[in-house]
Ligand code: CTP
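Shown next as structure tokens:
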């Protein structure tokens, strides 16, 4: 069986040198890669580099191979197109439907998912023309990643860096895996807020009480929401996995920090998912110096943490859709449903995802087994990869929020007026 084909569009920015590495990362994900480079991109990186790494001749001139109408053939064959880096100039051309080079012409024909990874100077990224172009492209179903923050071309620092190449490759894999000709854009225009990971409560300056949550399920929910068009914020505690490019990341490592960060952001979210394993107890007065091994027994007094999910539901905007998880060690489906139902009622959520946990399943593993419990339904999902489950959970949320009338759309882009 042939491998899926990813077209890598490269436009003329300094980050074009990273596109060479992106070819490698896409090949690691078992894709065939065809590079389509603009003339300006080839001023930064030579054609030979792209051709040698991809194993395919670079397409850069719309007049080459004109007897084959190459841009049409390629657009039809591609399983996904990723443009990295995408310059401000290129985004503007795309918005207006220009087709005066091989990459733009290919994109105008393409019906497959398209991922755009912009990279440019901070001022260009923040310019209202670029903001409006990005908003337009997102509305049309393009998956536009947020640039990373860090060093830019010269000595300047700020937002505008190309996201890490392995992160871009993961996003591409996710959109191809959905096996759909178009990007499912059913979360477009929605602000999604997700908590993930496991909080840690300090005992002294070097020790903590924590749990084994890795954040994999929350990150999978963030990645799939992003690929379905949402603007995603991840409030995360002690992740073992990296945050997908394009997701806004907020660190919150203790239960108190998580409460504060979630409260700050929940008001403007359309969907909130409390996936984090939040400590139920904390140490109100942790030692300021390392606890010494002087006594045979040690008693530590713990106090209950605030229940974030309950607090968010008490102050939630009327049409916000609120989701919690219920991590349970039971083996019985019936008991899992009944424990999830109790949490649905006591925490007043719209959906509780009952999550079977053991030392090998759920927590800190790639697989999970869940039952989704809402007011009217209990749907059991077979044990699967967390990315597959994340997509199924979004399918349920999208359907259920319409059914229960909890559709609240906030504008994804900031009001620039
Ligand atoms: N949760 C929360 N704040 C806490 C504890 C839990 O918001 N202090 C949230 C979790 O993120 C999850 C849901 O509540 O969405 C259920 O968490 P879980 O650990 O399963 O249950 P608890 O509420 O902690 O109750 P118990 O430990 O008694 O099962």
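Numbering (the working numbering), first residue to last: 207 to 623.
Glycine included, C-beta positions come from ideal geometry on N, C-alpha and C.
This structure is a prediction, so every number in the text was calculated from the model and none was measured.
- Distances from the CA of residue 443 to each of 473, 306, 400, 301 were compared; the closest alpha carbon is that of 400.
- A distance of 7 Å or more separates the beta carbons of residue 569 and residue 578.
- Within the DSSP bridge table, the entry for residue 527 names 477 as partners.
- Counting the other Cβ atoms within 10 Å of the Cβ of residue 407 gives 16 or more, which makes it buried.
- As a beta-bridge residue in DSSP terms, residue 363 pairs with 357.
- Bounds of the beta strand (DSSP E) holding residue 437 are 437 to 443.
- Counting only runs of 3 or more residues that sit fully inside the segment 478 to 504, no beta strand (DSSP E) segment turns up.
- Between residue 374 and residue 228 the beta-carbon gap is near 6 Å, inside 8 Å, which marks them as a contact.
- Distances taken from the Cβ of residue 445 to the heavy atoms of ligand 1 include none shorter than 6 Å.
- Look at residue 534 here: in three-state DSSP terms it is strand.
- Annotated three-state conformation of residue 577 is strand, per DSSP.
- Residue 310 has its alpha-carbon roughly 44 Å from the corresponding atom of residue 459.
- By the Cβ rule, the segment 478 to 490 counts as touching the segment 402 to 418, because three or more pairs are nearer than 8 Å.
- According to the DSSP assignment, residue 374 belongs to the alpha helix (DSSP H) that extends over 371 to 383.
- Here residue 562 is bridged, per DSSP, to 534.
- Comparing C-alpha distances from residue 421 to each of 494, 289, 593, 508 shows the shortest one belongs to 593.
- If you draw a straight line from the Cα of residue 510 to the Cα of residue 517, it is about 14 Å long.
- A direct Cα-to-Cα measurement between residue 489 and residue 410 gives close to 9 Å.
- Nearest to residue 522 by alpha-carbon distance, out of 270, 473, 508, is 473.
- For residue 424, the uninterrupted alpha helix (DSSP H) segment begins and ends at 422 to 433.
- Ranked by how close their Cα comes to the Cα of residue 245, the residues 218, 224, 257, 263 have 218 in first place.
- A distance below 6 Å between beta-carbons, with the five flanking residues on each side excluded, links residue 456 to the following residues of its chain, in chain order: 441, 467.
- For residue 587, the uninterrupted beta strand (DSSP E) segment begins and ends at 584 to 591.
- Straight through space, the alpha carbons of residue 536 and residue 370 are spaced by roughly 40 Å.
- In terms of CA proximity to residue 583, 556 leads the group 425, 446, 556.
- The DSSP-derived three-state label of residue 456 is strand.
- Counting every other CB atom within 10 Å of its CB across the protein chains shown gives residue 524 a total below 16, marking it as exposed.
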